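Have a look at the structure below, then the notes.
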Amino acid sequence: MEEVILRLALRNAVEHGGRAEPGPVLSKLLGERPELRPQAAQLRGVVERVVAEVNGWNLEEQRRRLEELSEAVGVGEKAVVKLGKRGLPPLKGAVEGRVVTRLPPEPSGYMHLGHALSGIINAEYARMYRGKLWLRFEDTNPRKVRPEYYESFRRGYRWLGVEWDFEKNNSDDMELYYSYGRKMIMLGRLYACTCSPEEMHRQRAHKTGCGHRAQTLEENLDAWDRALRGDFGEGEISFRLRGILDSDNTTLRDPVLFRIVTHPHPLKGRDYLLWPTYDMAAALQDSFCGVTHVLRSSEFALRDELQNMIREIFGLPQPIIVEYSRFEFRGSITSKREIRSLIEAGVIEGWDDPRLTTIEGVRRRGILPETIREFTLSQTALSYARKEYDWSLLNSLNRKLLDPRARRLFFVPDPVKLVVDGWEPHPVTLPYHPSKDLGSRTVMPGRIFYISGRDLAGRRPGDLIRLKYVMNVRLRMVGDYVVGDFAGSEPLDGVPIIQWVCEDYRKVTVRVPGPLLRDDGSINPDSMGVVHGFGEAGVEGVREDEIIQFERFGFCRRDSGSELLFIFCHE
Numbered sequence: 011m012e013e014v015i016l017r018l019a020l021r022n023a024v025e026h027g028g029r030a031e032p033g034p035v036l037s038k039l040l041g042e043r044p045e046l047r048p049q050a051a052q053l054r055g056v057v058e059r060v061v062a063e064v065n066g067w068n069l070e071e072q073r074r075r076l077e078e079l080s081e082a083v084g085v086g087e088k089a090v091v092k093l094g095k096r097g098l099p100p101l102k103g104a105v106e107g108r109v110v111t112r113l114p115p116e117p118s119g120y121m122h123l124g125h126a127l128s129g130i131i132n133a134e135y136a137r138m139y140r141g142k143l144w145l146r147f148e149d150t151n152p153r154k155v156r157p158e159y160y161e162s163f164r165r166g167y168r169w170l171g172v173e174w175d176f177e178k179n180n181s182d183d184m185e186l187y188y189s190y191g192r193k194m195i196m197l198g199r200l201y202a203c204t205c206s207p208e209e210m211h212r213q214r215a216h217k218t219g220c221g222h223r224a225q226t227l228e229e230n231l232d233a234w235d236r237a238l239r240g241d242f243g244e245g246e247i248s249f250r251l252r253g254i255l256d257s258d259n260t261t262l263r264d265p266v267l268f269r270i271v272t273h274p275h276p277l278k279g280r281d282y283l284l285w286p287t288y289d290m291a292a293a294l295q296d297s298f299c300g301v302t303h304v305l306r307s308s309e310f311a312l313r314d315e316l317q318n319m320i321r322e323i324f325g326l327p328q329p330i331i332v333e334y335s336r337f338e339f340r341g342s343i344t345s346k347r348e349i350r351s352l353i354e355a356g357v358i359e360g361w362d363d364p365r366l367t368t369i370e371g372v373r374r375r376g377i378l379p380e381t382i383r384e385f386t387l388s389q390t391a392l393s394y395a396r397k398e399y400d401w402s403l404l405n406s407l408n409r410k411l412l413d414p415r416a417r418r419l420f421f422v423p424d425p426v427k428l429v430v431d432g433w434e435p436h437p438v439t440l441p442y443h444p445s446k447d448l449g450s451r452t453v454m455p456g457r458i459f460y461i462s463g464r465d466l467a468g469r470r471p472g473d474l475i476r477l478k479y480v481m482n483v484r485l486r487m488v489g490d491y492v493v494g495d496f497a498g499s500e501p502l503d504g505v506p507i508i509q510w511v512c513e514d515y516r517k518v519t520v521r522v523p524g525p526l527l528r529d530d531g532s533i534n535p536d537s538m539g540v541v542h543g544f545g546e547a548g549v550e551g552v553r554e555d556e557i558i559q560f561e562r563f564g565f566c567r568r569d570s571g572s573e574l575l576f577i578f579c580h581e
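Right, dumping it as structure tokens:
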């Protein structure tokens, strides 16, 4: 966080003759990161301190330092680097063969698109520097984690083609955490506390400590041993870092590093009751795993200082931290709590609903793993400024990848019967692709066809239409059904070409996912559209999960093998 503020302060100073002002720097920070506005009062002190330091340098020094900060990937205004144009930008302090990055999901929900994009960035940097990649599950909150969530991430990363070198669970190192916890007590940096969460909140708000801070080493060790024996219930005791009570960063004001959790862990059962918090476990694990570069989204920014402090206490190496804004998609919901409530309310069907950004939902929507990778490396930016991506960007890349490989089939939404007089039925060969050699199918249409009612809008008797690959038809009667006359087999300029199906059609349902959120942020309960129609007989041969193009309708993925149900991907 301080590097971001330093960058903004330096730029403000350089633009104003060598003197920065705290107000504009803070305004710029909150403008780029609106989610930090509730912490404006805390951040003001940090900004004022950094600005005072910057103003102590001459203009030449300010320019030199600003240029240095802009050379390598970091966070902040000058770190907006488009990926894919010149390849990944270099990592500060990276040495070929020694870079170690990590995928650190918390298995408290299903993998989503944000995890995927961050995962690809971490994997790419490890590959770029011939380094190593960890898959490490942050699973030290037994109340949140479930077995199916672990597998969701493994399955999702494999689907994306992300390969990791090592895998572990943070919960596997409980005895190691205990040894470091005891060592922290011996160093006078960890103390036992029986204050309630409400009392701790008041203490932090007023920058005051509690009476437990003055306990002796023996008292803290005794409480530690009793906690390990199971003498305390949940909420009765915690162990807090003796931090910096007057820090502008609230996470440093004596945070809890260990607490009692009686809920059984899906992997460890009830073997352990005293669990490390996220910050304690993550800080140690990054060192245990030899992580050199932490690449993650910026909601962790205020925790960097705390995790660095924990490592510093033990003399452990510090990784280089690179942060960027969260990956968010317009009209989508990522909050696990909100998703659960929508599932319970019946608005969405589950975690794999194609309106969600979960990997299972995105896969059902027909987005290819190659698309997500290409999107990450060509469209995203390592920027601290908040950005919301539009689905149209992802769809555009997906369309380019699908177009040469997807078979074309006929689907008629809102079908209307068409009888053609003067047509002599004969077999017709239809290609699966207009330019690629994907094969063909042969059909035997009679005099009765079905075309889309949408294609009849504004049509009158005497108008010409062309049934694709077959013939021209001059309409004679347009009503509840249509009658026309055969008007030749050769294509005619200016005649609209439409898709059709024969009498051996199959009933098809296409579900069309839309944005879950309206522009005003409210939930759209009607965000899943449904289109009914007739598909050609060959639609039964489409495999489950296969993505095809219904001509003049869009790309669709077969969602069920037992019924002709498709999910609309995009046009």
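According to this note's numbering, the sequence shown is numbered sequentially starting from 11. A virtual CB, placed ideally from N, CA and C, is assigned to each residue, including glycine. Quick caveat, the model's predicted, so the values are computed rather than measured.
Cut-off 7 angstroms between Cβ atoms - residues of its own chain near residue i, not counting five sequence neighbours on either side
| i | result |
| --- | --- |
| T260 | Q52, R214 |
| L251 | R199, L200, D264, P265, L267 |
| E177 | L145 |
| P286 | T150, Y187, L267, F268 |
| M184 | Y282 |
| E246 | T204, I270 |
For residue i, three-class secondary structure by DSSP
| i | result |
| --- | --- |
| Q213 | helix |
| S462 | strand |
| I507 | strand |
| Y399 | strand |
| G545 | strand |
| P34 | helix |
| H443 | coil |
| H436 | coil |
| D314 | helix |
| R567 | strand |
| M487 | strand |
| N179 | strand |
Boundaries (first-last residue) of the beta strand (DSSP E) holding residue i
| i | result |
| --- | --- |
| W144 | 142-147 |
| S307 | 303-307 |
| K193 | No beta strand (DSSP E) holds K193; the alpha helix (DSSP H) holding it covers 184-196. |
| Q559 | 557-560 |
Sequence-distant residues of the same chain with beta carbon closer than 6 angstroms to residue i, five excluded per side
| i | result |
| --- | --- |
| Y120 | S162, W361, T368 |
| K95 | With a pLDDT of 42 at K95, under the threshold of 50, the predicted position of this residue should be treated as unreliable, though the coordinate-derived value follows. Excluding positions up to five away in sequence, the list is empty. |
| L326 | S297 |
| I358 | L352 |
| R280 | P274 |
Neighbourhood of residue i by C-beta distance below 8 angstroms, restricted to the same chain and skipping five residues each side
| i | result |
| --- | --- |
| G456 | P435, C512, E513 |
| I323 | M194, L197, R199 |
| G480 | One point to set straight first is that residue 480 is Val, not Gly, in the sequence displayed. Hits under 8 angstroms: V438, P455, S499, W510. |
| E209 | C220 |
Proximity to residue i [Cα-Cα], best of the options
| i | options | result |
| --- | --- | --- |
| L316 | Y288, F337, S342, F339 | Y288 |
| D400 | Q389, E63, K410 | Q389 |
| N132 | P117, P152, P99 | P99 |
| Y491 | Y159, V426, D536, Y479 | V426 |
| Q328 | G221, H303, D258 | H303 |
| A467 | P506, L227, P523 | P506 |
| L407 | F421, E380, W433 | E380 |
| Y160 | H122, R137, A23, M184 | H122 |
| L448 | V520, L412, D536, G463 | L412 |
| P501 | V518, R516, N482 | N482 |
| Y262 | A355, R313, F420, F565 | Note that residue 262 corresponds to Leu in the displayed sequence, not to Tyr. When each option's Cα is compared against that of L262, the closest is R313. |
| V552 | V24, S570, L403, R350 | S570 |
| A233 | E370, G191, R164, P523 | G191 |
C-beta contact flag for residue i and residue j at 8 angstroms
| i | j | result |
| --- | --- | --- |
| R340 | E398 | yes |
| I558 | I508 | no |
| L127 | W174 | no |
| P441 | M454 | no |
| R75 | L39 | no |
| D431 | D495 | yes |
| I320 | A293 | yes |
| E148 | N180 | yes |
| Y334 | S308 | yes |
| R140 | G107 | yes |
| G166 | F337 | no |
| V56 | V35 | no |
| F576 | V540 | no |
Endpoints, alpha helix (DSSP H) assigned at residue i
| i | result |
| --- | --- |
| M290 | 288-298 |
| V14 | 12-25 |
| Y120 | Run containing Y120: none; DSSP gives neither H nor E here. |
| P523 | Note, P523: premise wrong, no alpha helix (DSSP H); beta strand (DSSP E) at 516-523. |
| P425 | Element bounds for P425: not the alpha helix (DSSP H) but the beta strand (DSSP E), 425-431. |
Proximity test, Cβ basis, 8 angstroms: residue i and chain D
| i | result |
| --- | --- |
| V14 | Of the chains in the structure shown, none is chain D; there is only one protein chain. |
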